[in-house]
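Contents: one structure, followed by commentary.
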Amino acid sequence: MRTLTVLFTLLFVLSACRPPEDTGSIESTSSDPFGLAEVTAELLGSPRNGDVRIRVEVSQYGLKVDDAEVVVTGNMFHPGMEPVIAEAVFKKDGRYETPPLEFSMAGDWFLAIDVTYPDGSEASESLLLTVWPR
Numbered sequence: 014m015r016t017l018t019v020l021f022t023l024l025f026v027l028s029a030c031r032p033p034e035d036t037g038s039i040e041s042t043s044s045d046p047f048g049l050a051e052v053t054a055e056l057l058g059s060p061r062n063g064d065v066r067i068r069v070e071v072s073q074y075g076l077k078v079d080d081a082e083v084v085v086t087g088n089m090f091h092p093g094m095e096p097v098i099a100e101a102v103f104k105k106d107g108r109y110e111t112p113p114l115e116f117s118m119a120g121d122w123f124l125a126i127d128v129t130y131p132d133g134s135e136a137s138e139s140l141l142l143t144v145w146p147r
């Protein structure tokens, strides 16, 4: 009986350690205190090891911006990992998309989305996510 109790306890603990179900996306929005700039970032697909794209929507003064420079940099929280960097490509209506970013390791990642507007002003947004093994 004791062996059976230990077995069920072990199964319960192991099932609690699995990664969460895929949510499909993680989203974050930021705007400056004056409401002049807004950056929205969305993770396309599930946060797993391998290639993942990021969609960024950019507006300024309430209007979609089609000619901004958008750079996404991914870093892990612990030192020693090389960052992943991608320049997002304009798609349409203020939307930009990165080429696939390769998350080389499972763990906690910090994404910095840096936007330079055509007038030279800048905005940034950050996105925290946990990358799970495939």
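Residue numbers (this note's numbering): 14 to 147.
Don't be surprised by glycine CBs; every beta carbon is placed ideally from N, CA and C.
Identity of the residues DSSP links to residue i by a beta bridge
i      : result
Asp127 : Val84 and Ser137
Lys105 : Arg108
Ser72  : Glu51 and Lys77
Asp132 : Asp132 is not bridged to any residue.
Gly120 : Val144
Status (buried if at least 16 other CB within 10 Å, exposed otherwise) for residue i
i      : result
Asp35  : Residue confidence is low: Asp35 scores 40 on pLDDT, short of 50, so the model does not pin down where it sits. No coordinate-derived value is stated.
Leu76  : exposed
Met118 : exposed
Val144 : buried
Phe116 : buried
Val69  : buried
Pro146 : exposed
Ile98  : exposed
Val65  : buried
Sub-8 Å separation of residue i and residue j beta-carbons
i      : j      : result
Leu140 : Ala50  : no
Val71  : Val84  : no
Gly107 : Asp132 : no
Ile67  : Leu142 : no
Ala125 : Ser134 : no
Glu82  : Thr111 : no
Met94  : Asp121 : no
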